[in-house]
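In case it helps, the working numbering puts the sequence shown at residues 1 to 438. Cβ coordinates follow ideal geometry from the N, Cα and C atoms, glycine included. In this text the structure is predicted, and so the values were computed from the model without any measurement. One structure is given below, encoded as structure tokens.
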Amino acid sequence: MARSKNKNVGVIGLGIIGSRVAGALRDRGLQAFVWNRTPRPEQNFVGSPTEVAELCDVVQIFVADDQALLETVRQLSPALNAQHIVTAHCTVAPESMRAAAEVVQRRGARFLEAPFTGSKVAAGKGELVYYISGDDAALKQARTILEASSKDIIYIGDKIGEASIIKVATNIVTAATAQVTAEALALVRKAGISAELFSRAMKSNASNSATVEMKVPLIIAGDFEPHFSVKHMLKDVRIGLKLAERNGLDLPVTEASGDMLLAEMKKGRGDADYSSVAQKYFPAQAREATPEPERPAKPEKPVKTEEPFEPVKLHKPEPPASEKAVEAVKEEQFKVEEPKAEGPVASVEAPEPMEELAPVVEAPETPAPITASVGRTEAVQPPSEVKESPAGKQPVGEPKTAQPNWDEDEAEEEDVPGGVNLSGGMRGWLSRFLSGKS
Numbered sequence: 001m002a003r004s005k006n007k008n009v010g011v012i013g014l015g016i017i018g019s020r021v022a023g024a025l026r027d028r029g030l031q032a033f034v035w036n037r038t039p040r041p042e043q044n045f046v047g048s049p050t051e052v053a054e055l056c057d058v059v060q061i062f063v064a065d066d067q068a069l070l071e072t073v074r075q076l077s078p079a080l081n082a083q084h085i086v087t088a089h090c091t092v093a094p095e096s097m098r099a100a101a102e103v104v105q106r107r108g109a110r111f112l113e114a115p116f117t118g119s120k121v122a123a124g125k126g127e128l129v130y131y132i133s134g135d136d137a138a139l140k141q142a143r144t145i146l147e148a149s150s151k152d153i154i155y156i157g158d159k160i161g162e163a164s165i166i167k168v169a170t171n172i173v174t175a176a177t178a179q180v181t182a183e184a185l186a187l188v189r190k191a192g193i194s195a196e197l198f199s200r201a202m203k204s205n206a207s208n209s210a211t212v213e214m215k216v217p218l219i220i221a222g223d224f225e226p227h228f229s230v231k232h233m234l235k236d237v238r239i240g241l242k243l244a245e246r247n248g249l250d251l252p253v254t255e256a257s258g259d260m261l262l263a264e265m266k267k268g269r270g271d272a273d274y275s276s277v278a279q280k281y282f283p284a285q286a287r288e289a290t291p292e293p294e295r296p297a298k299p300e301k302p303v304k305t306e307e308p309f310e311p312v313k314l315h316k317p318e319p320p321a322s323e324k325a326v327e328a329v330k331e332e333q334f335k336v337e338e339p340k341a342e343g344p345v346a347s348v349e350a351p352e353p354m355e356e357l358a359p360v361v362e363a364p365e366t367p368a369p370i371t372a373s374v375g376r377t378e379a380v381q382p383p384s385e386v387k388e389s390p391a392g393k394q395p396v397g398e399p400k401t402a403q404p405n406w407d408e409d410e411a412e413e414e415d416v417p418g419g420v421n422l423s424g425g426m427r428g429w430l431s432r433f434l435s436g437k438s
């Protein structure tokens, strides 16, 4: 049996505004079937956007940005027909709104661009204001549903995109108002004048507004609970700046507002109310933390936090046995730097030709060191000691293989000045010379 859809309204997007619009619709006796990208424990929550369209002829979309809008209408598209009216209430770039309208209209359905002004309080009371662009006949058909959550409907025209421009224009005024209100309030407070006197003065001032009256008490109280978030206001300001650039306009105040909102984002306050720009002068954390120095510093855990680190900072840990062994080997290696007369000389190297050997061996003042291999280590012995080495204790042939990974030894062979290199038959001759057989 076909289900009656006369009193059914679909709501997609259950954020600050969408959830309250769904409540306002139910308060007026309408059935609201809802869907959100993140599931919510909401009455009549269904499984997909297409299911919303199957149950409702009018579908209201309350999503955050351009991408979300386009993705939503693509998901709706298969279930749309000529009976459907889709109303898009997000603030996006005009071209994104036109692209969404095209997706809907290709299915024979009708599309209304319907951004709004009003906070969560207005949404809960059914007092939003809609700016509408699109087919006038579609608006007449959907008016009763739009009136359930609004106090006024302003028809902008039939060109999709124009309502978005109006919405962005009003939002850059709102952003600038919050910024300049914070600055004015900071000036008053710095002079020692009460905020209440400022509010009274503003009530009779031509520049007073609902934004000023609503935000001043909240700023003073350090209450930045989101009514309209920093991140969404920044998005709208950036849309305005892009529109200005395309039209060759310079908007310095809007740029300044955008900079302050961006600063809030960088401080991690993107989900706070856009009036959070006042935290430059009235930081909420400082206000909440008036007794900040008196907050308990968790005395129950001082020992746990300090104990593991004290030994590391104050005492050098005892190395394991394996490391001690390595250190002992290193010390033994470094001892070879000091010349020792005793011990067998494994091999001796001298430069070519033979005639150049005598000055090196007999120089009494600054003898050139000769590298000699002693066992598995390298020792430096003066030429005088080499001369006195006992005969018959010099092994003839190649020196023993050095210990692996001794890169320092390899470097000394090639690079250290004063080292002597000998090759070929000279080693045998030198051995005979030193042993007295030459």
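Check your understanding: Where in the stretch 30-105 do unbroken runs of the alpha helix (DSSP H), each at least 4 residues long, occur, reported from the N-terminal end onward?
Key -> 49-55, 66-76 and 94-105
Point to revise | Integer Cβ distance of L112 from I154, believed to fall under 8 Å | key: Indexing the sequence shown from 1 puts residue 112 at position 112. Indexing the sequence shown from 1 puts residue 154 at position 154. Not quite, the Cβ-Cβ distance comes to about 13 Å (not below 8 Å), so this is no contact.
Exercise for review: Starting from N444, follow its DSSP beta bridges and name the residues at the other end.
Suggested key: Because the chain in this structure spans residues 1 to 438, residue 444 falls outside the shown range and cannot be described.
Practice item. Using beta-carbon positions only, say whether V46 and C90 come within less than 8 Å of one another. Key: One-based indexing of the sequence shown puts residue 46 at position 46. One-based indexing of the sequence shown puts residue 90 at position 90. For V46 and C90, no; Cβs fall outside 8 Å.
Point to revise | R37 to A122 span [Cα, whole Å] | key: In the sequence shown, the residue the question calls residue 37 occupies position 37. In the sequence shown, the residue the question calls residue 122 occupies position 122. For R37 and A122, the distance between alpha carbons rounds to 24 Å.
Check your understanding: So, are the CB atoms of K151 and V129 less than 8 Å apart?
Key -> Translated into the one-based positions of the sequence shown, residue 151 becomes position 151. Translated into the one-based positions of the sequence shown, residue 129 becomes position 129. Yes. Within cutoff.
Practice item. Return helix, strand or coil for E113, following the three-state DSSP convention. Key: For the purposes of this step, residue 113 is taken as the residue at position 113 of the sequence shown. Of the three classes helix, strand and coil, the one that applies to E113 here is strand, per DSSP.
Check your understanding: Is the stretch 70-86 in contact with the stretch 44-60, if contact means three or more CB pairs nearer than 8 Å?
Key -> yes
Check your understanding: According to DSSP, is Y274 helix, strand or coil?
Key -> Counted from its first residue, the sequence shown places residue 274 at position 274. Three-state result, Y274: helix.
Review point. Exposed or buried, G192, counting other C-beta atoms within 10 Å across all chains shown (16 or more means buried)?
Key: As a working note, residue 192 is residue 192 in the sequence shown. Flag for G192 reads exposed.
**Study point:** D66 versus R40: straight-line alpha-carbon distance, rounded
**Key:** Indexing the sequence shown from 1 puts residue 66 at position 66. Indexing the sequence shown from 1 puts residue 40 at position 40. Spanning the two alpha carbons is a distance of roughly 22 Å.
Practice item. Write down every uninterrupted run of the alpha helix (DSSP H) in the stretch 149-226 whose length is 4 residues or greater and which is fully enclosed by it, in chain order. Key: 162-190, 195-203 and 210-221
Check your understanding: For G134, is the classification buried or exposed, using 16 other Cβ atoms within 10 angstroms of its Cβ as the cut-off for buried?
Key -> In the sequence shown, residue 134 corresponds to position 134, counting from 1. It counts as buried.
Review point. What is the rounded straight-line gap between the Cα of L30 and the Cα of A24?
Key: Within the sequence shown, numbered from 1, the residue matching residue 30 stands at position 30. Within the sequence shown, numbered from 1, the residue matching residue 24 stands at position 24. In a straight line, the C-alpha of L30 is about 9 Å away from that of A24.
Practice item. Give the straight-line distance between the Cα atoms of V168 and V237, rounded to the nearest whole angstrom. Key: Numbered from 1 along the sequence shown, position 168 holds the residue referred to as residue 168. Numbered from 1 along the sequence shown, position 237 holds the residue referred to as residue 237. Near 7 Å, if we compare the C-alpha coordinates of V237 and V168.
Practice item. For G18, collect the residues of the same chain with a Cβ closer than 6 Å to its Cβ; drop the 5 residues on either side in sequence, then sort them by chain order. Key: Here residue 18 is taken as the residue at index 18 of the sequence shown, counted from 1. So the qualifying residues of the chain are V11 and F62.
Practice item. Have a look at F224 and L251 and give me their C-alpha separation to the nearest angstrom. Key: As a working mapping, residue 224 is identified with position 224 in the sequence shown. As a working mapping, residue 251 is identified with position 251 in the sequence shown. Taking the straight line joining both Cα atoms gives about 27 Å.
Check your understanding: At what residues does the beta strand (DSSP E) containing I12 begin and finish?
Key -> In the sequence shown, the residue the question calls residue 12 occupies position 12. Start and end: N8 to I12.
Exercise for review: Please work out which residues of its chain come closer than 7 Å, Cβ to Cβ, to I166, disregarding the five sequence neighbours upstream and downstream, and give them in chain order.
Suggested key: Counting from 1 along the sequence shown, the entry for residue 166 is found at position 166. So the qualifying residues of the chain are Y131 and I156.
Practice item. Inspect the CB distances between the stretch 263-283 and the stretch 227-236 and report whether three or more fall short of 8 Å. Key: yes
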